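Worksheet for the structure shown next.
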Amino acid sequence: MKLVHLVVGALVLVAFLLTGQYMDYLDVRSGRLGDAARMMYRSRHIYILLAGLVNLGVGAYFIRRAGGWQKALQTLGSILILVAPILMLAAFFSESGVPGLRRHFTQPAIIIISIGTLCHAFSSLRPRSSVVRKD
């Protein structure tokens, strides 16, 4: 799973660079598309960066849990974190140029990457009795 997160993170960072080029092609900076569309493109663009960096971070520090609820929670977190970039890329191409504040992909993507990150954090918790203190 460590390698999967690292590869997905690297691919998403490449997608971040390519969506930046796409925004340059559309001339989003000039404001020709309007302030709302400009804001939508930029925010979706940054969300793609978020998804890539979270995947790289998880991949860099990934340690497979031994078993039980911790392993299940970690696996669930990884699946959610790996799915989020797909939704964020879909949001970039489908929501950015559309008038209004429709967020059919963005909101679920932000929620699942948050839940996935929390799942990873909680999977690392250990019972107090297993923690050795050195004073």
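If you use my numbering, the sequence shown corresponds to residues -14 to 120, in order. The beta carbon of each residue, even a glycine, is placed where N, CA and C say it ideally should be. Here the structure is a predicted model, which is why all the values come from computation and not from measurement.
Selection Ala22, Pro93 and Leu61 evaluated against Thr102 yields Leu61 as nearest (Cα-Cα). When the five nearest sequence neighbours on each side are left out, the beta carbons in the same chain lying within less than 6 Å of the beta carbon of Met73 are those of Tyr32, Ile33, Ala36 and Ala94, in order along the chain. Cβ neighbours of Cys104 within its own chain (closer than 6 Å, five residues either side excluded): Leu58, Leu61 and Gly62. In this structure, His(-10) and Phe47 form a Cβ contact; the two beta carbons are roughly 6 Å apart against a cut-off of 8 Å.
Following the DSSP letters along the chain, one finds Ser63 inside the alpha helix (DSSP H) bounded by residues Gly53 to Glu80. Within the same chain, Cβ atoms closer than 7 Å to the Cβ of Ala0 are found at Ile33 and Leu74, the five residues on either side in sequence being excluded. Around Lys(-13), the same chain offers Gly44 and Phe47 as residues with beta carbons nearer than 7 Å, after the five sequence neighbours per side are excluded. Taking 8 Å as the cut-off, the Cβ atoms of Leu65 and Gly(-6) do not count as close. With respect to the 8 Å criterion, Ser81 and Tyr26 are classified as neighbours on the basis of their beta carbons. Per DSSP, the continuous alpha helix (DSSP H) segment holding Ser99 begins and ends at Thr91 to Ser108.
Per DSSP, Val(-11) is one residue of the alpha helix (DSSP H) stretching across Lys(-13) to Leu11. Judged by DSSP secondary structure, Val39 falls within the alpha helix (DSSP H) whose first and last residues are Asp20 to Tyr46. In the three-state reduction of the DSSP assignment, Arg14 falls in the helix class, which pools H, G and I.
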